[in-house]
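Numbering (the numbering used here), first residue to last: 58 to 220. Ideal placement from N, C-alpha and C gives every residue a C-beta, glycine not left out. In what follows, a single structure is set out as structure tokens and then discussed.
Quick look at the structure:
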């Protein structure tokens, strides 16, 4: 246990939050943590503000399910709105990114800081990618990838549900 705690402290000192949990329970531990289940011990230097990590993970999962359930046209509209929001709020996003990078200096390597630095070009690339996803939503949504007969009059299908 001492080595796990030492590894967790090293990660936290390098600005990475960590969960220490028993991975030998037979349960899908990582999946459970990402799903928002309160498993193990969470280590972080970030002060707890707003909803808990578990609540945020749960809200993300619910939001993803709601987005996946939308018709292709509605999903495309949401994704297009996100692209336009990135462009419209570009200055605020870049200012917040600058503040975040300043706060992270000394806790992250120069390489990691460079990777996290946003620019107008990066935001435009993200917006362009979102627009492409939105434009192809009607072609990539609800396509049957696999179909299997599991019982008489019972068919299991795997369908595409991007984003």
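Give the secondary structure of residue i by DSSP, where H, G and I count as helix, E and B as strand, and everything else as coil.
{"i": "residue 162", "result": "strand"}
{"i": "residue 102", "result": "coil"}
{"i": "residue 170", "result": "helix"}
{"i": "residue 76", "result": "strand"}
Within 10 Å of its beta-carbon, does residue i have 16 or more other beta-carbons around it, so buried, or fewer, so exposed?
{"i": "residue 184", "result": "buried"}
{"i": "residue 59", "result": "exposed"}
{"i": "residue 125", "result": "exposed"}
{"i": "residue 122", "result": "exposed"}
{"i": "residue 132", "result": "buried"}
{"i": "residue 198", "result": "buried"}
{"i": "residue 81", "result": "exposed"}
{"i": "residue 194", "result": "buried"}
Tell me where the alpha helix (DSSP H) around residue i begins and ends.
{"i": "residue 141", "result": "129-145"}
{"i": "residue 181", "result": "177-192"}
{"i": "residue 110", "result": "110-126"}
Measuring alpha carbon to alpha carbon, tell me which residue in the options is nearest residue i.
{"i": "residue 137", "options": "191, 99, 212", "result": "191"}
{"i": "residue 180", "options": "118, 84, 148, 213", "result": "148"}
{"i": "residue 77", "options": "84, 90, 83", "result": "90"}
Let me see if you follow: with CB-CB separation under 9 Å, is residue i close to chain B or not?
{"i": "residue 173", "result": "In summary, chain B is missing from the structure at hand, where a single protein chain is found."}
Go to residue i, then tell me how far its beta strand (DSSP E) extends in each direction, as first and last residue.
{"i": "residue 206", "result": "201-208"}
{"i": "residue 213", "result": "211-216"}
{"i": "residue 96", "result": "Where residue 96 is concerned, there is no enclosing beta strand (DSSP E), given that its DSSP letter is neither H nor E."}
**Report entry** Given 8 Å, three or more beta-carbon pairs between the segment 102-114 and the segment 140-154
**Finding:** The answer is no - the segment 140-154 does not touch the segment 102-114, with fewer than three Cβ pairs under 8 Å.
Report task. Would you be able to state if there are at least three C-beta pairs under 8 Å between the segment 65-72 and the segment 95-107? Result -> yes
Report task. Specify whether the segment 150-167 and the segment 68-87 touch according to this definition: at least 3 beta carbon pairs, one from each stretch, less than 8 Å apart. Result -> yes
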